[in-house]
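>
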Amino acid sequence: MSDIYSEIILNHWKSPRNRGKIDDADVVIKDSNPLCGDEITMYMKFDDDKIKQVSFEGKGCAISQASASMLTEFVKGKSIDEIIKMNSNKVQKMLGVKLSATRLKCALLPLKSLKLGIYSYLGKKLAG
Amino acid sequence: MSDIYSEIILNHWKSPRNRGKIDDADVVIKDSNPLCGDEITMYMKFDDDKIKQVSFEGKGCAISQASASMLTEFVKGKSIDEIIKMNSNKVQKMLGVKLSATRLKCALLPLKSLKLGIYSYLGKKLAG
Amino acid sequence: MKKYRKDFPILKRKINGKRLVYLDSAATSQKPIQVINAIANFYKTFNANIHRSIHTLGEEATKAYEEAREAVASFINAEHKEEVIFVRNTTEALNIAAFGLRNIVKGKLLLTEMEHHSNLLPWQQLAKLKHLELDFISFDKDGYLDEPEEKLKGASVLAITQASNVLGTINPIKKITEKAKEYGTIVVVDGAQSVPHMPVDVQKLGIDMLAFSAHKMLGPTGIGVLYAKKELLEKMEPVMFGSEMIKEVSFTEATWNELPYKFEYGTPHIAGAVGFKAAIDYLQEVGMRNVRKHDERITTYALKRLKNIVSIIGPKKAEDRSGLIAFTMGDIHPHDIATILNEEGIAIRSGHHCAMPLHRKLGIQASARASFYLYTIKEDVDALVEGLKKVREVFER
Amino acid sequence: MKKYRKDFPILKRKINGKRLVYLDSAATSQKPIQVINAIANFYKTFNANIHRSIHTLGEEATKAYEEAREAVASFINAEHKEEVIFVRNTTEALNIAAFGLRNIVKGKLLLTEMEHHSNLLPWQQLAKLKHLELDFISFDKDGYLDEPEEKLKGASVLAITQASNVLGTINPIKKITEKAKEYGTIVVVDGAQSVPHMPVDVQKLGIDMLAFSAHKMLGPTGIGVLYAKKELLEKMEPVMFGSEMIKEVSFTEATWNELPYKFEYGTPHIAGAVGFKAAIDYLQEVGMRNVRKHDERITTYALKRLKNIVSIIGPKKAEDRSGLIAFTMGDIHPHDIATILNEEGIAIRSGHHCAMPLHRKLGIQASARASFYLYTIKEDVDALVEGLKKVREVFER
Ligand SMILES: Cc1ncc(COP(=O)(O)O)c(C=O)c1O
Ligand SMILES: Cc1ncc(COP(=O)(O)O)c(C=O)c1O
Chain A
55 MSDIYSEIIL NHWKSPRNRG KIDDADVVIK DSNPLCGDEI TMYMKFDDDK IKQVSFEGKG
115 CAISQASASM LTEFVKGKSI DEIIKMNSNK VQKMLGVKLS ATRLKCALLP LKSLKLGIYS
175 YLGKKLAG
Chain B
55 MSDIYSEIIL NHWKSPRNRG KIDDADVVIK DSNPLCGDEI TMYMKFDDDK IKQVSFEGKG
115 CAISQASASM LTEFVKGKSI DEIIKMNSNK VQKMLGVKLS ATRLKCALLP LKSLKLGIYS
175 YLGKKLAG
Chain C
1142 MKKYRKDFPI LKRKINGKRL VYLDSAATSQ KPIQVINAIA NFYKTFNANI HRSIHTLGEE
1202 ATKAYEEARE AVASFINAEH KEEVIFVRNT TEALNIAAFG LRNIVKGKLL LTEMEHHSNL
1262 LPWQQLAKLK HLELDFISFD KDGYLDEPEE KLKGASVLAI TQASNVLGTI NPIKKITEKA
1322 KEYGTIVVVD GAQSVPHMPV DVQKLGIDML AFSAHKMLGP TGIGVLYAKK ELLEKMEPVM
1382 FGSEMIKEVS FTEATWNELP YKFEYGTPHI AGAVGFKAAI DYLQEVGMRN VRKHDERITT
1442 YALKRLKNIV SIIGPKKAED RSGLIAFTMG DIHPHDIATI LNEEGIAIRS GHHCAMPLHR
1502 KLGIQASARA SFYLYTIKED VDALVEGLKK VREVFER
Chain D
1142 MKKYRKDFPI LKRKINGKRL VYLDSAATSQ KPIQVINAIA NFYKTFNANI HRSIHTLGEE
1202 ATKAYEEARE AVASFINAEH KEEVIFVRNT TEALNIAAFG LRNIVKGKLL LTEMEHHSNL
1262 LPWQQLAKLK HLELDFISFD KDGYLDEPEE KLKGASVLAI TQASNVLGTI NPIKKITEKA
1322 KEYGTIVVVD GAQSVPHMPV DVQKLGIDML AFSAHKMLGP TGIGVLYAKK ELLEKMEPVM
1382 FGSEMIKEVS FTEATWNELP YKFEYGTPHI AGAVGFKAAI DYLQEVGMRN VRKHDERITT
1442 YALKRLKNIV SIIGPKKAED RSGLIAFTMG DIHPHDIATI LNEEGIAIRS GHHCAMPLHR
1502 KLGIQASARA SFYLYTIKED VDALVEGLKK VREVFER
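Chains as they are written, first to last, in my numbering: chain A, 55 to 182; chain B, 55 to 182; chain C, 1142 to 1538; chain D, 1142 to 1538.
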């Protein structure tokens, strides 16, 4: 029917995983895509150099919401290094669809926020 | 040889009439053409509603200088009303050549200054 | 106005194998071949820098540039042609309006809650700079502006859009300028969505300043207009400095050139002016009354067909609206609507349309918007309706 | 470079029955058919507004616009493409440079005595606004800049042209930026006459900011560039406000978008960017080294042929000059020279070339200027020489 709105994307959009707050998060980061207004807030808990728990809140299109849902599932338990190495190709593969440049920005917002959160965590750790 | 630089224009350019200061002028007015930088200063003495004496100083192209020279000759003794009614056609006729829009601005600078001077004189008279 | 479609080469394009259904004219209009050719012809036969220029090409280019100014002046019925300042776009026009008034404004600046960012931010910044109060005229649930009466008190400027790019509302400018005059308020009108779509007569409407863009009215990108009454322009200060806009310059001082050059800095978009004139000629050939009538007809039809599938934003009556309809579809994000429509060859806009505070007030984050122009046909609306049904199917399967 | 002439349709024109001899490229260059067609093709096949746009036309237009930015960045070897801000022209670029620095400048602003009004007035105004001192580096009787050394002390900004549009002098930018670094001075370079005519590498030359216009380098009118180092742009404030340049907006507050959008307000000149890229592609095909070599060759020839008929302004050596020669002819006013040359089909410029204080310093009111580009041929110079002889005859008869 539609090339982009696959079963799996619609499934994550309808029943997002890891949606909600984490009350005792190590890092909370809010970001938005100025080109479209999509907003996301990421909550993260770390276990040394691993992500122990992650969740998100926010408004946005099906692409950004599904991307956030899939991403949070994917990164749980992964090491910081591994996540920092993730790029746009990886996200597209995860979503399983080919996106135009503009829609790719929607898909990448969650990863961008996640990385910002990690850098902020690393910064805090460094500062002691 | 050249359509624009007629004998008469070149003659006025080489031997300008009424060039110089009038020490006891009623009005001295300085004006310039911002589009080309030509400058002119007009000195005027009035006899009630007539121009008694008029002279000019300034730098500029042959067209504006010849126009100033011819104009000062032409207006001496003329009434203020008559001068205010002079328009661009009249100046072109006086010069005896057809000018492009840009060059016409050069030719009109002296008349423009003369009119400014007249208005300033009328203003002063009104103010008593 | 089907017969005009053949003048627009882009309408022959196929998108994803489908006929292009262009419903994004409020963002930018398409261009007729007459405009495209006028620009090419300028570059091919009389391209030169203007003013101060004595050679033939320079004279011709200057003449064409000034004829474009005259065409604009007569199009909006300005009293003097030097009241037309060529700028980059509506946004720049509104910035020059705001900052050009920096030594004149006092008391408060009055806006409306339906302004585009371009008619909000310059005034926000001016208010900060001059420590002035900002006040806003609100609008009701149907998208109609509330009575400005008491808010006008103490307002040195009212900045207001003539047609909202989200609600579609056409504001009663004449009524408002009449009131504003009682309070001595300068009325600055954002005409980005009105000048392209209806007859606008600045003198009849009592408008002090008007901003609009060529690219939304069949013209080229990179050129727009700030119209302002001569007395006002004379009191205003330039905002950008250099080149043509001076009379005398020394190392430490400068005096300004006469109007309109005082506000035009550097080499202008000469080809843009030439193309703009061709666009105005085209619109006048069609007739602005006919453009408006067509907009109203298409909008009436679209309102009727859309009202059962989507939630329409703004007034219910086509006669109070310009030729655009913004809407939402429940949970489905406007970006997703736009993406699916694009698969069907249909181009609409989605997002906050540079009106974030307006959307926030409506309690939504974004909307989808279909917008029309003289080349829009009923079949385009039909395609949109079919496309929206597909959107539902995708998200409800 | 005769072979390139066929690409320029305008060169086939006749003026007053004579072959057009276009010697006014420093005011604006002519355009090759490749540029003209690129613009027309944009409007005919993928015209749309950019960014935030999800439909195919919008994606294509956005891609083309951003590719133009990349082309410019690589042309001047910018480190990051977001260091390239699209503006209206050089004049606007220099205004954004000056006023964008309003919260950073202190101490004194240093200029040179050979600046175009566009690189003088914004700094004059900024100095007034911030109560700063203005200082000037002088030049000697041959048109060479004096040593800036001691003047740099306490200067937060040095604004300097890379090539003078009157003297023709090419200033030693690398040497100057090296010295400026010792004093922590930000170097803002007016590249209007250099970027079109020679290889300019911002990193190698150590330039902090660079301004130039497309229309002087085979590109369309209405678009230019402000290049600035990223660290600088991040510290600078926007000068115009609205549309694309924001991140978040409420009725009373706004935050800015990321680079380069923070400085681009309203719908950009999209067709202009597309045409600009075509111009850069063309210049790169020719090779900027070859463009410079050709300029030098023509200038050498012209200096030799002109030196006995006119008084040449600026350096004697072609290698120190860009491709233009300003001159005077005794008592004969430059306007009169230009008028008579035009009767012969020859287009030159006359006047103060937006450099009034420079002319005053030279003790003249105006000058005549012939300027060259890649399509200029020896025969054009020969025609000029013959034309100037006629000028003498007219005024000496
Ligand atoms: C040295 C110099 N600076 C600035 C400018 C201004 O360029 P623009 O008119 O494109 O803003 C020019 C061109 O006239 C120039 O020669
Ligand atoms: C109401 C309104 N004002 C201002 C603008 C800004 O126009 P531009 O981007 O041409 O500056 C627009 C267009 O987006 C608009 O719809």
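We treat Cβ as the ideally placed atom computed from N, Cα and C, and that holds for glycine.
Quantities reported herein were computed from a predicted structural model and do not represent experimental measurements.
Could you tell me which of 1183(C), 1230(C) and 1399(C) sits nearest to residue 1408(D), measuring between CA atoms?
Closest option to residue 1408(D), Cα to Cα, is 1230(C).
> Using a Cβ-Cβ cutoff of less than 6 Å, which residues in the same chain neighbour residue 1276(D) once the five nearest sequence positions on both sides are dropped?
Here the set comprises 1249, 1251 and 1292.
> Starting from residue 1195(D), follow its DSSP beta bridges and name the residues at the other end.
According to DSSP, residue 1195(D) bridges with nothing at all.
> What does the Cβ neighbour count give for residue 1425(D), buried or exposed, with the cut at 16 atoms within 10 Å?
Exposed, because fewer than 16 other Cβ atoms sit within 10 Å of the Cβ of residue 1425(D).
> Residue 1183(C) lies in the alpha helix (DSSP H); which residues open and close that run?
Note, residue 1183(C): premise wrong, no alpha helix (DSSP H); not H, not E.
> What do you get for residue 156(A), buried or exposed, if any count of 16 or more other CB atoms within 10 angstroms of its CB means buried?
Buried, by the Cβ-count rule.
> Buried or exposed, going by whether 16 or more other CB atoms sit within 10 Å of the CB of residue 1357(C)?
Residue 1357(C) is buried by the Cβ-count criterion.
> Taking the alpha-carbon positions, what's the residue 1403(D) to residue 1233(D) distance?
So the two alpha carbons sit approximately 15 Å from each other.
> Under 8 Å between the Cβ atoms of residue 1495(D) and residue 1257(D)?
Result yes, Cβ atoms of residue 1495(D) and residue 1257(D) sit closer than 8 Å.
> Would you list, in chain order, the members of the segment 1179-1196 of chain D that have their beta-carbon closer than 8 Å to a beta-carbon of chain A?
So the list reads 1192, 1193, 1194 and 1195, given in the order they occur along the chain.
> Quick check for students: name the residue ranges of the alpha helix (DSSP H) that lie wholly in the segment 1429-1497 of chain D, counting only runs of 4 or more.
The qualifying runs are 1429-1447 and 1475-1484.
> Distance, Cα to Cα, residue 133(A) vs residue 1401(D)?
Each residue's Cα considered, the two are about 33 Å apart.
> Quick check: what's the CA-CA separation for residue 1504(C) versus residue 1247(C)?
Near 33 Å, if we compare the C-alpha coordinates of residue 1247(C) and residue 1504(C).
> Here's the rule I'm using: 16 or more other beta-carbon atoms within 10 Å means buried, otherwise exposed. How should residue 1372(C) be labelled?
Exposed: under 16 other Cβ atoms inside 10 Å.
> Say whether chain A places a C-beta atom closer than 8 Å to the C-beta of residue 1411(D).
Not closer than 8 Å to any Cβ of chain A, the Cβ of residue 1411(D) fails to qualify, so no.
> Looking at chain D, is there any beta carbon in it that lies within less than 8 Å of the beta carbon of residue 70(A)?
So no, residue 70(A) is outside the interface.
> On the DSSP letters alone, give me the boundaries of the alpha helix (DSSP H) that residue 1349(C) sits inside.
That residue, residue 1349(C), is in no alpha helix (DSSP H); it is neither H nor E in DSSP.
> Could you spell out the range, first to last residue, of the beta strand (DSSP E) harbouring residue 187(B)?
Any answer about residue 187(B) is impossible in this case: the structure gives chain B only from 55 up to 182.
> Alpha carbons only, please: which of 131(B), 98(B) and 123(B) is nearest the one belonging to residue 173(B)?
Of the listed residues, the one whose Cα sits closest to residue 173(B) is 98(B).
> May I ask you to report which of helix, strand or coil DSSP gives residue 1310(C)?
Residue 1310(C) falls in the strand class under three-state DSSP.
> Mind checking residue 1483(D): buried by the 16 CB within 10 Å criterion, or exposed?
Residue 1483(D) should be labelled buried.
> Do you know whose CA, among 1235(D), 1355(D), 1153(D) and 1307(D), lies nearest residue 1280(D)'s CA?
Per the Cα distances, 1307(D).
> Does the beta carbon of residue 1302(D) fall short of 7 Å from some heavy atom of ligand 1?
It does: the Cβ of residue 1302(D) is within 7 Å (strictly closer) of some heavy atom of ligand 1.
> Is residue 1513(D) helix, strand or coil when you go by DSSP?
In the structure shown, residue 1513(D) sits in coil (DSSP, three-state: anything other than H, G, I, E or B).
> What are the boundary residues of the beta strand (DSSP E) that residue 1285(C) is part of?
Careful: residue 1285(C) lies outside any beta strand (DSSP E) and carries neither H nor E.
> Does the beta carbon of residue 73(A) sit closer than 8 Å to a beta carbon anywhere in chain C?
With 8 Å as the cut-off, residue 73(A) does not count as an interface residue toward chain C.
> If residue 1492(C) and residue 1310(C) are in contact, beta carbons under 8 Å, what's the gap, nearest whole angstrom?
Going by Cβ atoms, the distance from residue 1492(C) to residue 1310(C) rounds to 19 Å, so no, they are not a contact pair.
> Pull up the DSSP beta-bridge partners for residue 1318(C), would you.
DSSP output for residue 1318(C) lists no bridge partner at all.
> Within its chain, find whatever has a CB closer than 7 Å to the CB of residue 1436(D); leave out the 5 residues flanking it on each side and keep chain order.
Only 1338, 1463, 1464 and 1513 meet the Cβ criterion.
> Identify the contact partners of residue 116(A) in chain C, using a Cβ-Cβ distance below 7 Å as the criterion.
In chain order: 1474 and 1477.
> Going by other Cβ atoms of all chains shown within 10 Å of its Cβ, with 16 needed for buried, is residue 138(A) buried or exposed?
So residue 138(A) ends up on the exposed side.
> What number of angstroms, rounded off, separates the C-alpha of residue 1157(C) from the C-alpha of residue 1518(C)?
Using only the alpha carbons, I get a separation of about 20 Å.
> Taking residue 1393(C) as the query, report the chain D residues whose CB atoms sit under 8 Å from its CB, ordered along the chain.
Within chain D, the residues near residue 1393(C) are 1265 and 1275.
> With 16 as the cutoff for other CB atoms within 10 Å, does residue 1245(C) come out buried or exposed?
Label assigned to residue 1245(C): exposed.
> State the CB to CB distance for the pair residue 1415(D) and residue 1515(D), rounded to an integer number of angstroms; the pair is presumed to be in contact (CB under 8 Å).
Not really, about 21 Å apart at Cβ, beyond 8 Å.
> Applying the criterion that 16 or more other CB atoms from any shown protein chain within 10 Å of the CB defines a buried residue, is residue 1452(D) buried or exposed?
Answer is exposed; the Cβ neighbour count stays below 16.
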